[in-house]
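S.K.: Residue numbers (the working numbering), protein chains in the order written: chain A, 1 to 157; chain B, 1 to 266. Cβ coordinates follow ideal geometry from the N, Cα and C atoms, glycine included.
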Amino acid sequence: MSEEKKEIINSLKETGFYKPGKIYDRGKVIAGIVVFIIVAAFPFFYNAGKAAKMPEPKLDTPVIRQLPEAERVCVLPKQEMRENHMVLLDEWRDQVVREGNREYTGYTGKKYTISLQNTCMECHSNYEEFCNECHQYTVQTPACWGCHIQKPKEWAG
Amino acid sequence: MKTVEEKTATIDRRRFLKITGVSTIVGLLGGWKFVELLAPGELEAKYLPKAGALTAKRWAMLIDMKKLTDETAGKCIKTCHRLHNIPDVGDPKREIKWIWLERFENAFPGDEHDHMPESVEEGRFFVMCNHCDNPPCVRVCPTKATWQRDDGIIMMDQHRCIGCRYCMAACPFGARSFNWGDYRPLIKDKNPEYPTREKGVVEKCNFCAERLAKGLIPACVEESEGAMVFGDLMDSRSELRKIMRERYTIRRKPYLGTSPQVYYVV
Chain A
1 MSEEKKEIIN SLKETGFYKP GKIYDRGKVI AGIVVFIIVA AFPFFYNAGK
51 AAKMPEPKLD TPVIRQLPEA ERVCVLPKQE MRENHMVLLD EWRDQVVREG
101 NREYTGYTGK KYTISLQNTC MECHSNYEEF CNECHQYTVQ TPACWGCHIQ
151 KPKEWAG
Chain B
1 MKTVEEKTAT IDRRRFLKIT GVSTIVGLLG GWKFVELLAP GELEAKYLPK
51 AGALTAKRWA MLIDMKKLTD ETAGKCIKTC HRLHNIPDVG DPKREIKWIW
101 LERFENAFPG DEHDHMPESV EEGRFFVMCN HCDNPPCVRV CPTKATWQRD
151 DGIIMMDQHR CIGCRYCMAA CPFGARSFNW GDYRPLIKDK NPEYPTREKG
201 VVEKCNFCAE RLAKGLIPAC VEESEGAMVF GDLMDSRSEL RKIMRERYTI
251 RRKPYLGTSP QVYYVV
């Protein structure tokens, strides 16, 4: 430290207002910090040891039940749908709205009409137990349902 | 002792045949890839238009006001509203309109005068999106949410609309409506096969693009009992062109240069 700085600090000490190493209102400050840590970390303590239930999307709908075992397949293999259905839906949207292509050939070679509301929801008519199951677990709120109808069959009036 | 030929030849017949044989095989293997490339692949076959979809070079509509009665017009409007989940808002400032009736002087401003036939003076004219050839709404859309298809239809992509309403300001026909709120509860006749709209997007008549894709003509034309004709303007043998050759047709506000594609027999 330069002589000049030492001089300034010494003069400050003489005034009585500058006390290096001292925390004013020590008790209150430390108590405040402790309270803050407890409040901020509360969710961690509260949920400690409790794992959220694994999502189990249900396939038990009337349409799927009626299908023979061998035909219970989606447009793409199960794992691919699980991981990338949103990418597929994005593609479907552009193909229908922009290109006017409304027919999709699934991986089994079967042809499907491209429609979230009419094709997807035809088999997966259980929005709460199918879509919502994982979306809630992963905190996703897709904007699809602002316009597309979750349960077309029940919606008609 | 080698002959002169054997000494001067850089390659003998046997070696030559071996090399050409091997290169032919390699060439064929490589060439097979070329054949595979030409064969129809997964990509192009995955997405296709539906078989039987109606297509045209330029879709257009003709409305014969002499044949259209108020009763049929009401039926057309009702069917359109039911099929497209159009809410009944009530408030004319906030309502959604795809197809509606307008007085002559409002539909064709500038063409009216004091001595028109009573049918024109008192009649109500069917108006909707004109699917213009030179659409001002498309020009101003900042997100390309509205655009002109190759067949002339002005489409809306509700997914991309940000609700800026430039298109509404640009359209000289008032054909576009804005969703001021969540109108889903206001839909009376529901069609579970068609989506609804969210708050904050613009919508309008789409010439029943979703029906054309299934091979059906627009719903209003189907309900109009012959008063409306839908067809390909570029096909000189279409019924549309046949009527247009025989009857004098007018368009709304042609002087604005948007080239509307809904023609009227008055």
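Which residues bound the alpha helix (DSSP H) around residue 79/B?
M.R.: Taking the first residue of the second sequence as 1, we reach residue 79/B at position 79. Where residue 79/B is concerned, the enclosing alpha helix (DSSP H) stretches over 70-83.
S.K.: Alpha carbon to alpha carbon, what distance is there between residue 153/B and residue 135/B?
M.R.: Sequence index remark: in the second sequence, residue 135/B carries index 135 (1-based). Sequence index remark: in the second sequence, residue 153/B carries index 153 (1-based). So the two alpha carbons sit approximately 10 angstroms from each other.
S.K.: For the region 195-204 of chain B against the region 173-181 of chain B, are there 3 or more C-beta pairs whose distance is under 8 angstroms?
M.R.: These segments touch.
S.K.: Here's the rule I'm using: 16 or more other beta-carbon atoms within 10 Å means buried, otherwise exposed. How should residue 98/B be labelled?
M.R.: Reading the second sequence from its first residue, position 98 is the one you call residue 98/B. Buried is the call here.
S.K.: What in chain A is Cβ-close to residue 56/B, meaning under 7 angstroms?
M.R.: The residue you call residue 56/B lines up with position 56 of the second sequence. Residues of chain A passing the Cβ test: none, with the nearest at roughly 12 angstroms.
S.K.: Determine the direct distance from the alpha carbon of residue 206/B to that of residue 53/B, and round the result to whole angstroms.
M.R.: Start at 1 with the first residue of the second sequence, and residue 53/B comes out as number 53. Start at 1 with the first residue of the second sequence, and residue 206/B comes out as number 206. So the alpha carbons of these two residues sit roughly 16 angstroms apart.
S.K.: Given a cut-off of 8 angstroms on the beta-carbon distance, is the pair residue 221/B and residue 65/B in contact?
M.R.: Taking the first residue of the second sequence as 1, we reach residue 221/B at position 221. Taking the first residue of the second sequence as 1, we reach residue 65/B at position 65. No; because the gap between Cβ atoms is not below 8 angstroms, this pair is not in contact.
S.K.: At least one CB of chain A closer than 8 angstroms to the CB of residue 157/B: is that the case?
M.R.: Position 157 of the second sequence holds residue 157/B. By this cut-off, residue 157/B is an interface position.
S.K.: Residue 103/B bridges to which residues according to DSSP?
M.R.: Start at 1 with the first residue of the second sequence, and residue 103/B comes out as number 103. BP columns for residue 103/B point to 124/B.
S.K.: Residues in the region 118-149 of chain A with C-beta within 7 angstroms of chain B's C-beta atoms, listed in sequence order?
M.R.: Within the region 118-149 of chain A, the residues whose Cβ lies closer than 7 angstroms to some Cβ of chain B are 118, 146, 147, 148, 149, listed in chain order.
S.K.: How far does the alpha helix (DSSP H) with residue 97/A in it reach, from first residue to last?
M.R.: For the purposes of this step, residue 97/A is identified with residue 97 of the first sequence, where counting begins at 1. Taken as a continuous stretch (DSSP letters only), residue 97/A belongs to no alpha helix (DSSP H), as it is neither H nor E.
S.K.: Please state the DSSP three-state secondary structure of residue 48/B.
M.R.: Within the second sequence, the letter at position 48 stands for residue 48/B. It is a strand residue.
S.K.: Taking just the CA atoms, how far does residue 146/B sit from residue 156/B?
M.R.: Against the second sequence, residue 156/B aligns to sequence position 156. Against the second sequence, residue 146/B aligns to sequence position 146. So the alpha carbons of these two residues sit roughly 4 angstroms apart.
S.K.: Using a Cβ cut-off of 9 angstroms, pull out every chain B residue sitting near residue 35/A, in sequence order please.
M.R.: The sequence position of residue 35/A within the first sequence is 35, counting from 1. Under the 9 angstroms cutoff, chain B gives no residues; its nearest Cβ is about 42 angstroms from residue 35/A.
S.K.: Taking residue 127/B as the reference, which of 242/B, 245/B, 61/B, 168/B has the closest Cα?
M.R.: Along the second sequence, one-based indexing puts residue 127/B at 127. Out of 242/B, 245/B, 61/B, 168/B, 61/B has the C-alpha closest to the C-alpha of residue 127/B.
S.K.: Kindly indicate the opening and closing residues of the alpha helix (DSSP H) around residue 9/A.
M.R.: Taking the first residue of the first sequence as position 1, residue 9/A is located at position 9. Looking at the DSSP string, the run of the alpha helix (DSSP H) that includes residue 9/A is 3-15.
S.K.: Curious, which full-length alpha helix (DSSP H) runs of at least 4 residues does the region 185-241 of chain B contain?
M.R.: If we require 4 residues or more, the alpha helix (DSSP H) runs fully inside the region 185-241 of chain B come out as 209-212, 219-223.
S.K.: At which residues does the beta strand (DSSP E) containing residue 262/B begin and terminate?
M.R.: One-based indexing of the second sequence puts residue 262/B at position 262. 262-265 is the extent of the beta strand (DSSP E) around residue 262/B.
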